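There are 2 protein chains.
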Amino acid sequence: MNQTAGTTRIQRRNTAAITEAALEVFSANGFRGATVDQIAKAAGLSKPNLLYYFPSKEAIHQHLLATLMDTWLDPLREMDPEGDPMEEILAYIRRKLEASRDFPRESRLFANEIVQGAPHILPTLEGELKDLVDEKAKVLSRWMEEGRIQRVHPYHLIFSIWSLTQHYADFDVQVRAVLGSGDTDPFPEAEEYVITLFTRMLALKP
Amino acid sequence: MNQTAGTTRIQRRNTAAITEAALEVFSANGFRGATVDQIAKAAGLSKPNLLYYFPSKEAIHQHLLATLMDTWLDPLREMDPEGDPMEEILAYIRRKLEASRDFPRESRLFANEIVQGAPHILPTLEGELKDLVDEKAKVLSRWMEEGRIQRVHPYHLIFSIWSLTQHYADFDVQVRAVLGSGDTDPFPEAEEYVITLFTRMLALKP
DNA sequence: CGTGACTTTGACCGTTTGGTCAAATGCGAC
DNA sequence: GTCGCATTTGACCAAACGGTCAAAGTCACG
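Protein chains in written order, with my numbering: chain Y, 186 to 391; chain U, 186 to 391.
Here is the structure:
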């Protein structure tokens with residue numbers, strides 16, 4: 186694998202194909218459930234060829250998690266401490282719901298990882314993630330103290346946003362099985378419901 | 186394996202040890218991540234001995250899922266159509282939260298299964314689960330029509346209860362990583378938060 | 001067109017995995 | 001105690017797995 190600054194056209198094409206294929210396979214089967222052959226086939230490469238670009242199955246997985254972590258946290262980062270509290274929170278919820286709709290594989294990749302005890306990314310959870318949540322929880326607390334939204338536990342508020350939004354990606358099969366008529370998109374109703382829920386919880390009673 | 190009515194003492198002891206061990210191993214590693222040797226060791230048996238009681242790894246998994254499905258649905262079954270709406274819903278939430286606290290492995294077993302597309306229990310989701318939810322959604326709808334709780338989408342109301350309560354079992358590692366101080370039990374605060382959330386969403390404005 | 005670096009591959013290896021089997025051992029009823 | 005059945009085990013197997021390697025093929029560039 187090329188170590189120098191130069192990245193060739195083929196390198197870019199193949200690493201892209203590998204990460205795409207790995208996302209597909211890891212998110213559907215978990216780390217141990219995925220095989221290198223599966224990923225290679227999905228990427229249109231032979232197994233040794235794939236291992237020419239990544240040193241190991243573990244390395245592909247780590248690379249995916251690291252790359253996607255930012256994508257996953259950005260919606261929260263964008264919550265503006267200077268904006269209108271209710272608008273900021275609802276906009277955050279909408280962004281997370283969009284992410285669940287548009288990137289369900291990414292969501293399931295993390296779900297798989299965390300359900301099984303986060304063996305590969307526990308340090309990131311305790312570091313980067315905790316720091317970001319600590320910061321945003323302070324903002325939420327300030328908004329509550331200023332009387333601009335109702336007072337609730339700020340950390341659990343964030344947990345509940347994660348939980349409700351990611352549910353529609355991670356448990357998509359269950360949602361569709363229960364709703365029946367697998368064709369119809371559950372997201373519009375989900376958005377209306379979740380927005381209503383947080384509005385009623387956080388809005389001040391006039 | 187004994188096919189007749191008689192079940193020996195040893196059979197009961199060993200099948201119990203196997204299901205307990207399998208729950209531990211499957212919930213922590215997923216189906217493909219778990220090995221028969223691991224389960225056998227955890228059950229205090231040799232691998233061939235374990236396979237004397239269950240014909241295959243798949244069979245143990247199926248048996249676990251089937252056995253646990255009822256445990257998992259019972260809290261919802263108990264919701265009384267004749268009771269007070271708000272009390273019934275809040276009691277259901279408390280039961281689900283208790284289940285997440287007391288049976289996190291069961292929750293993670295289902296989470297693993299569903300995140301990966303429910304390959305082993307999709308029929309059950311579309312049958313037994315859907316039927317139960319359909320029935321209870323009707324009850325919720327009636328309560329709303331009678332003006333005893335606020336009007337929201339009944340199916341998404343149930344989804345949100347599942348999502349919020351099971352989050353504390355399935356994503357326990359993340360919750361603890363973000364809250365820091367891994368010793369303290371997050372459940373009391375979680376219960377207060379979740380109960381507040383649903384109370385504010387569903388209570389009628391006086 | 002030639003050359004050196006980049007890319008691809010088939011054959012291969014050691015390990016792990018789910019599962020089998022015949023033989024050995026243990027147990028309980030008579 | 002002994003007989004029949006239940007239980008347990010070590011040895012074993014074929015397939016699947018992650019990964020290696022030397023050799024062959026291909027690309028870009030002077």
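Just so you know, even glycine gets a beta-carbon here, dropped at the ideal spot from N, CA and C. A quick note: this is a predicted structure, and the numbers were derived from the prediction, not measured.
Nearest neighbour of N214 (chain U) by Cα position, chosen from Y:E298, Y:A284 and Y:L282, turns out to be Y:E298.
Bounds of any alpha helix (DSSP H) do not take in Q301 (chain U), whose DSSP letter is neither H nor E. For I203 (chain U), the enclosing alpha helix (DSSP H) starts and ends at R194 to G218. The shortest CA-to-CA distance from A201 (chain Y) to any of Y:G218, Y:A228, Y:R280 and Y:A219 is the one to Y:A228. Interface annotation, M386 (chain Y): in contact with chain U, CB-CB separation under 8 angstroms. Taking C-beta atoms under 8 angstroms as the contact rule, S285 (chain U) and T350 (chain U) qualify, at a distance of about 5 angstroms.
Residue-level contact by beta carbon holds for N297 (chain U) and chain Y, with a gap shorter than 8 angstroms.
Note that the C-beta distance between L235 (chain U) and L294 (chain U) is not below 8 angstroms. The DSSP-derived three-state label of A388 (chain U) is coil. The continuous stretches of alpha helix (DSSP H) do not include S231 (chain U), and DSSP gives it neither H nor E. Closest in alpha carbon position to R290 (chain Y), among Y:R217, Y:T381, Y:D355 and Y:E376, is Y:D355.
The shortest CA-to-CA distance from S348 (chain Y) to any of Y:A296, Y:V363, Y:E331 and Y:A322 is the one to Y:A296. Contact check for I278 (chain Y) and V379 (chain Y): beta-carbon distance about 6 angstroms, within the 8 angstroms limit, so the pair qualifies. Of U:G365, U:T309, U:L261 and U:P260, the smallest CA-CA separation from T309 (chain Y) is found for U:G365. In summary, E320 (chain Y) is exposed, with fewer than 16 beta-carbon neighbours lying within 10 Å of its beta-carbon over all protein chains present. Ranked by Cα distance from G302 (chain U), the first of Y:F344, Y:S241 and Y:G218 is Y:G218. CA-to-CA, the gap between K226 (chain U) and L317 (chain Y) works out to about 41 angstroms. Using a CB distance below 8 angstroms, the part of the region 288–316 of chain Y facing chain U consists of R293, A296, N297, I299, V300, Q301, G302, A303, L307, L310, E311, L314 and K315, ordered along the chain. In the three-state DSSP reduction, H352 (chain Y) falls in the helix class (H, G or I). Cβ-Cβ distances below 7 angstroms link S326 (chain Y) to P339 in the same chain, with the five nearest sequence neighbours on each side left out; the list follows chain order. With fewer than 16 neighbouring CB atoms inside 10 Å of its own CB, Y237 (chain U) falls in the exposed class. A distance of 8 angstroms or more separates the beta carbons of M264 (chain U) and V337 (chain U). Taken atom to atom, the span from the alpha-carbon of K232 (chain Y) to that of D222 (chain Y) is near 6 angstroms.
The closest CA to that of L282 (chain Y), considering only Y:K390, Y:L250 and Y:P371, is found on Y:P371. A direct Cα-Cα distance of roughly 19 angstroms separates T384 (chain Y) from M329 (chain U). Here the alpha carbons of L342 (chain U) and E377 (chain Y) stand approximately 12 angstroms from one another. Interface annotation, G268 (chain Y): not in contact with chain U, CB-CB separation never under 8 angstroms. Rounded to the nearest angstrom, the gap between the Cα atoms of R280 (chain Y) and P260 (chain Y) is 6 angstroms. In chain order, P289 place their CB closer than 7 angstroms to the CB of D357 (chain Y), counting only its own chain and leaving out the 5 sequence neighbours on each side.
Under the three-state reduction of DSSP, Q335 (chain Y) is assigned to coil, being neither helix nor strand. Counted as a single uninterrupted DSSP element, the alpha helix (DSSP H) harbouring D316 (chain U) occupies residues K315 to E330.
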